[in-house]
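Each residue of the sequence shown is one higher than the last, beginning at 1 in UniProt numbering.
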Amino acid sequence: MVYDALHLYISNDAFTFEPIYADPSTKRETLVISRDTGLITLNAPQTANPNRQEEVITVLGIIGLIHLNAGDHIAVITHRYKVGKLGGKDVYKIVGHRVVPVRKSRLHLSEQQMKDDDGYMKMLNQLLGSGFFYFSYDYDLTNSLQRQSERGEVDNKPIWQQSDERFFWNRHMQKKLIEHTTQKNMDMSNFILPIMCGFIQIKHDIINEKSFTYALVSRRSVYRAGTRYHSRGIDDQGNVSNFVETESIVYLDDANIKAAYVQTRGSIPLYWKQVVNARYQPKLVVEAHEKTAESFRKHFDDQIGRYGNQVVVNLINTKGYELPVGQEFARQIKNLNDSRIHYVHFDFHKECKNMRWDRISVLIDQIQDDLDAQGYLLLDGKTAKRKQSSVVRTNCMDCLDRTNVVQSVLARRVLNIQLKEIGVLRADQKVEDTDKFEGMFKHLWADNADAISQQYSGTGALKTDYTRTGKRTRAGAFQDLQNSIIRYVKNNYLDGARQDAFDLFLGNYLVDPTTASPYKPVAKPAHTFLLPIAIVLCVMMINFTILVPPQSATAKYLEIAFWIGVIGVILRVMLQWGTDYVDLPKLSGSPAAAVEFEVAKGDVGGVGRTAGRKGDAIQMTELGNIVHPEGDRKND
């Protein structure tokens, strides 16, 4: 079990972590990090001299170490919020943290390196302070209940060794402690605390005098993690962007009975991207990549190996700009010719237009046989009376809004069956008939939608009015409009820095003080500041015309129309150089930055974490046609 509280003694010589022991008979151990050499030792003698202490703080877990220009920095949890219990074990959210430099001074750094480190620290603090990181000292949050039950006894292995690497978000930061444990015969397992990113809520209720707990756990994958337009599609290993495993769990409080159901979502497993170029709807580009078939197969082989047969539900539009990626998805499924995959294309917007959200039942009917055969996990003690044999893999373009609506409908369907089998609901009852629990269920799934959407797109999800109330409302549509506008601003002008934060935290980019700064200022074209100034001047002229009008009203309106027209022309010109205005990732070690660096120069026709590395041969297809880089640039 990982230590749940430690004293951190900060001296000029070392950082010393000493567990706060409730049982004085427990064997004592300390973890010490030298501030001069960075050496990490266990049970080191430095703790014997309390006079070296300069500061003592209580920490609730070690997130890990990360190397910046000034050397290693250690991140610790300072405050936690108890979400609830899973399997009788406490689950927490990180609500306070601290990142501290190990070295005492950074005088050895250049001015630019100091600025870079300040930027890196800001990224880390914003990411860790986002409220989307969860942990437990003795419950494996990274593995579903079914994987835990199939694993059985694990010879008392520490929790970090049991963790699913896909959802072990601080594994890179725990690398040094893990290496000491596995390679240097210095077991630091009690200090290695896995952190999960995603969403967890745990609720209790009583129906028909039966007390039970309902939990929703969404695990976001570390592979191809990032932001909406900077992380799309698949990589050469078969990992897809915005992959999330969502597990709904029911615990019967007065019996050792548990039921669970797992669904997955993930980006369309092709090499595709959208150009971030200040337009509201960036151009969608599908690459004619030589590894498409191989990577596509890797993705589904991995998913089948982990979850069983795949019920692939594609919710994107069957016409318009989404059409090319849908056609290619269907073509790759056909070419794969795997009987373990059932592919269904359900045009969500077409089928549910005019707020006819009840028509999701049409989709349920299409996959009814798969759902009946799929089942769910049912544990009586440690005995699995049932197991889930397949999974529904749902996607739309972003795997956020449409996806979450459909997943919530599927979860309710299975929950009705589960609650009847374990005796909470009568045979003639439905979850929908229980006002209190049904309301809680809807809000919980809407909160899940908002959390996953905020992590990927920067705003809450769209269509959550339906998830919360069961109805599509005009007020909800207006809220969606607001979120869409905020998404546009964040995705175009703020998400480069957010992508950098993910890449830094996960080790996709390693800070190397011997290389040039990724944030070194570069000269920008004159139009990047002259055109915005011109717009401001036009607005000023409009205000001047209103306040000091010409002699006739007609002249006033013509003058205002003239300046509005000038603004329109300027905006159109700005869009021609859209990539000069948007916020692109700067950390060149990341796949996103490599491709987007080329886009900023006009060398390729799209952006996103798909091409992988600078210098790769890239071809694009749009609407089925090969798009050459120069031609694509001209069409923007």
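Note that the Cβ used here is the ideal one computed from N, Cα and C, for glycine as well.
- Please name the residue in 548, 264, 208 whose C-alpha comes closest to that of residue 431. The shortest Cα separation from residue 431 among 548, 264, 208 belongs to 208.
- Query: Is the beta carbon of residue 420 less than 8 angstroms from the beta carbon of residue 427?
  - Reply: Against a cut-off of 8 angstroms, the Cβ pair of residue 427 and residue 420 comes out as a contact.
- Item | Neighbourhood of residue 545 by C-beta, 8 angstroms cutoff - its chain only, sequence neighbours within 5 removed | These residues qualify, in order along the chain: 556, 559, 560, 563.
- Query: Which of helix, strand or coil does DSSP assign to residue 196?
  - Reply: Collapsing the DSSP output to three states places residue 196 in a strand.
- Give the straight-line distance between the Cα atoms of residue 258 and residue 340, rounded to the nearest whole angstrom. Computed Cα separation, rounded: 28 angstroms.
- Query: Helix, strand or coil: which one does DSSP assign to residue 240?
  - Reply: Correct three-state label for residue 240: strand.
- Message: Does residue 505 pass the burial test, meaning 16 or more other C-beta atoms within 10 Å, or should it be called exposed?
- Response: Burial call: buried.
- Kindly indicate which residue of 448, 512, 458, 529 has the alpha-carbon position closest to the one of residue 202. When only C-alpha atoms are compared, the closest one is 448.
- Task: Out of 168, 149, 501, point me to the one whose CA is closest to residue 383's CA.
- Result: Checking every option, the nearest Cα to that of residue 383 belongs to 149.
- Item | Cβ neighbour criterion (16 or more within 10 Å) applied to residue 280 | If you draw a 10 Å sphere on the C-beta of residue 280, you find fewer than 16 other C-beta atoms in it, and that means exposed.
- Item | Where the beta strand (DSSP E) containing residue 390 begins and where it ends | Segment 390 to 395, the beta strand (DSSP E) holding residue 390.
- Alpha-carbon spacing of residue 333 relative to residue 343, whole angstroms: In this structure, the straight-line span from the alpha carbon of residue 333 to that of residue 343 is close to 7 angstroms.
- Task: Work out the CA separation of residue 182 and residue 352 for me, nearest whole Å.
- Result: A direct Cα-Cα distance of roughly 54 angstroms separates residue 352 from residue 182.
- Under the three-state DSSP convention, the category residue 331 falls into: Here residue 331 sits in helix by DSSP.
- In terms of DSSP beta bridges, what is residue 19 paired with? Residue 19 pairs with 6.
- Item | Selected residue, minimal CA-CA separation from residue 261, among 249, 131, 286, 473 | The option with the nearest alpha carbon to residue 261 is 249.
- Query: According to DSSP, is residue 422 helix, strand or coil?
  - Reply: Residue 422: coil per DSSP, three-state reduction.
- Query: Of all the options 113, 200, 12, which has the alpha carbon lying nearest to the alpha carbon of residue 644?
  - Reply: Residue 644 lies beyond the stretch modelled for the chain, which goes from 1 to 636, so this question has no answer here.
- Apart from the five residues on each side of it in sequence, which residues of its chain come closer than 6 angstroms, Cβ to Cβ, to residue 468? By the criterion of a C-beta distance shorter than 6 angstroms, residue 468 is surrounded in its chain by 442, 443, 446, once the five residues flanking it on both sides are discounted.
- Residue span of the alpha helix (DSSP H) that contains residue 499, given as start and end: In the DSSP annotation of this structure, the continuous segment of the alpha helix (DSSP H) that includes residue 499 starts and ends at 495 to 506.
- If I'm right that residue 19 touches residue 8 with Cβ under 8 angstroms, what's the distance once you round it to whole angstroms? In fact, because the Cβ distance is near 11 angstroms, the residues do not count as touching under 8 angstroms.
- Message: At the level of alpha carbons, what is the spacing between residue 221 and residue 429?
- Response: The C-alpha of residue 221 lies about 37 angstroms from the C-alpha of residue 429.
- Using the C-alpha atoms, what's the distance from residue 158 back to residue 190? Taking the straight line from one Cα to the other gives about 8 angstroms.
- Can you check whether the CB of residue 108 is closer than 8 angstroms to the CB of residue 77? At the C-beta level, residue 77 and residue 108 stay beyond 8 angstroms of one another.
- Task: Would you list the residues sitting across from residue 133 in a DSSP beta bridge?
- Result: Answer is 197, bridged to residue 133.
- Query: Nearest to residue 269 by alpha carbon, out of 489, 205, 325?
  - Reply: Closest in alpha carbon position to residue 269, among 489, 205, 325, is 325.
- Message: How far does the alpha helix (DSSP H) with residue 68 in it extend, from its first residue to its last?
- Response: Premise fails: residue 68 lies in the beta strand (DSSP E), 61 to 68, not in any alpha helix (DSSP H).
- Work out the CA separation of residue 464 and residue 178 for me, nearest whole Å. A direct Cα-Cα distance of roughly 41 angstroms separates residue 178 from residue 464.
- Query: Using the beta-carbon count (16 or more within 10 Å), is residue 79 buried or exposed?
  - Reply: By the neighbour-count rule (16 or more Cβ atoms within 10 Å), residue 79 is not buried but exposed.
- What is the C-beta distance between residue 497 and residue 123, in whole angstroms, given that I count them as a contact (C-beta under 8 angstroms)? Between residue 497 and residue 123 the beta-carbon gap is near 7 angstroms, inside 8 angstroms, which marks them as a contact.
- Item | Cβ shell of residue 264 (< 8 angstroms), same chain only, five flanking positions each side left out | Around residue 264: 243, 244, 245, 246, 303, 307, 391, 392, 393, 394.
- Task: Ignore the nearest five residues each way along the sequence and tell me which others in residue 67's own chain have a CB closer than 8 angstroms to its CB.
- Result: Cβ neighbours of residue 67 beyond the five flanking positions: 73, 510, 511.
- If you count every other CB in all the chains shown that lies within 10 Å of the CB of residue 277, and 16 or more means buried, which is it? Result: buried.
- Query: How many Å lie between residue 597 and residue 70 at the Cα?
  - Reply: The predicted position of residue 597 is uncertain, since its pLDDT is 39 and thus under 50; a value taken from the coordinates is nonetheless stated next. Straight-line Cα distance between these residues: approximately 26 angstroms.
- Cβ separation of residue 63 and residue 192, assumed to be a contact under 8 angstroms, to the nearest whole Å: Between residue 192 and residue 63 the Cβ distance is about 10 angstroms, and since that is not below 8 angstroms, they are no contact.
- Query: Would you say residue 377 and residue 387 are within 8 angstroms of each other, going by their C-beta atoms?
  - Reply: Yes, the pair counts as a contact, with Cβ atoms nearer than the cut-off.
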